[in-house]
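Structure, rendered in structure tokens:
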């Protein structure tokens, strides 16, 4: 079964600093990978997805992620954090043709 | 464009009462449909998924059931709620295939008292 591991359940950064949220996947075959953002008491919004077209994927709100097969990683980055980026972020992987498996989430706090 | 509706937004139910949460999708045909439950610190747990009318796959044996009476309607039910059923329930849909990702409703906060 597929799985993703998100390192760090809580991450704090200063406003304007680099955001780095870590995700490692378990598959030996490059899967489809996704990052989502969730604001309090809301559903999840798709930030970006990796579908093997390009290893560096750009998403909404200035986020991007790089697929590294050698490290089985798909870390999410943003060059400069904004207060509005404070939220919970989930990494997800597809399993088969129907299922999406999610990590446990990383809560990002942005300090003024 | 496609939209997903999930209701109610919040629900407080006594132990032993029934449950029915409904989700509908507009603007697409034959979507894959999902119910997830979210608990603090545990991410999203896939409860059920459906690839067509009447086709339900259960991921976790529990006190809940799901039904898909119409192509774009997905219902989560329970005959008798337990305290442990409290949580944030999310409905989602995806196009056929696994490369597009899932698209989520706004969720239902269920508190069983």
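Residue numbers (the working numbering), protein chains in the order written: chain V, 7 to 118; chain G, -10 to 102. Where is the CB? At the ideal position from N, CA and C, for every residue including glycine.
Discussion item. Check whether chain G comes within 8 angstroms of residue 22 of chain V, counting only Cβ atoms and requiring the distance to be less than that.
Written reply: Interface annotation, residue 22 of chain V: not in contact with chain G, CB-CB separation never under 8 angstroms.
Item to complete: Name the two residues that bound the continuous beta strand (DSSP E) containing residue 34 of chain G.
Response: Residue range 33 to 41 is occupied by the beta strand (DSSP E) that includes residue 34 of chain G.
Worksheet item: When the Cα atoms are used, what is the spatial distance from residue 83 of chain V to residue 61 of chain V?
Response: Computed Cα separation, rounded: 14 angstroms.
Fill in: Beta carbon proximity, residue 88 of chain G to chain V, threshold 8 angstroms
True, the Cβ-Cβ gap to chain V drops below 8 angstroms.
Worksheet entry | residue 122 of chain V - containing beta strand (DSSP E), residue span | The structure shown does not extend to residue 122 of chain V, since chain V is modelled only from 7 through 118, so no value can be given for it.
Item to complete: Excluding the 5 residues preceding and the 5 following residue 92 of chain G in the sequence, name in chain order all residues of the same chain whose CB lies nearer than 8 angstroms to its CB.
Response: Contacts found: -9, -7, 81, 82, 83.
Fill in: chain V contact residues for residue 93 of chain G, given Cβ-Cβ distances below 7 angstroms
Under the 7 angstroms cutoff, chain V gives 49, 50.
Worksheet entry | the stretch 61 to 75 of chain G / the stretch 82 to 96 of chain V touching (three or more Cβ pairs under 8 angstroms) | Contact between the stretch 61 to 75 of chain G and the stretch 82 to 96 of chain V is absent, because fewer than three Cβ pairs lie under 8 angstroms.
Practice prompt. Could you pull out every residue in the same chain whose Cβ sits closer than 6 angstroms to the Cβ of residue 22 of chain G, ignoring the five residues on either side in sequence?
Written response: Within the same chain, residue 22 of chain G has close Cβ partners 39, 63, 82.
Worksheet item: To the nearest whole angstrom, what separates the beta carbons of residue 49 of chain G and residue 34 of chain G, a pair I think is in contact under 8 angstroms?
Response: Indeed they touch by this definition, with Cβ atoms about 7 angstroms apart.
Worksheet item: Is residue 46 of chain V buried or exposed, if buried means 16 or more other CB atoms sit within 10 Å of its CB?
Response: Around the Cβ of residue 46 of chain V, a 10 Å sphere holds fewer than 16 other Cβ atoms; the residue is exposed.
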